[in-house]
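To start, the structure itself, in structure tokens.
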């Protein structure tokens, strides 16, 4: 049976606790694995526990597949959540668009009923905005002239 050495090595710090749960007599020194020598690690576990090499390899394979299925489940859940949010946003977009459309039609109706009043309101808003912008612009010009003087 071939152990996925690269996958095991990449997750070894996470899996070490699970191996200790399985075989409580193992120490951190027993599980110190460097250089990617899986045979040495399995041999050390076999020697300390009396477990067969085949059982140790099966256990490692099971650990790796459980971890992979956990990651797959998480990815699947995130995808499902994103899809659900997409549907909700799409549903609410229709509501917002409908409200904007209704607001537009109401505004058109109000302006149509009293166009001169709305022209006066628009003129007043424009005048006020112009005065605010002009005052702001004038203040900026004065600040710059004082800076350069």
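In our numbering, the protein residues as written are -10 to 138.
Beta carbons are placed, not taken as given, at the ideal position from N, Cα and C, and that holds for glycine.
A quick note: this is a predicted structure, and the numbers were derived from the prediction, not measured.
On a Cα-Cα basis, can you pick out the residue from 81, 1 and 66 that is closest to residue 21? 1
Cβ neighbours of residue 7 in the same chain (closer than 7 Å, five flanking residues each side left out): 52
Tell me where the alpha helix (DSSP H) around residue 12 begins and ends. No alpha helix (DSSP H) contains residue 12, which DSSP labels as neither H nor E.
Measuring CB to CB, does residue 35 end up less than 8 Å from residue 45? yes
With DSSP collapsed to three states, give me the class of residue 98. helix
Identify whether residue 69 lies in helix, strand or coil by the three-state DSSP scheme. helix
Would you mind sorting residue 112 into buried or exposed? The rule is 16 or more other CB atoms within 10 Å of its CB. exposed
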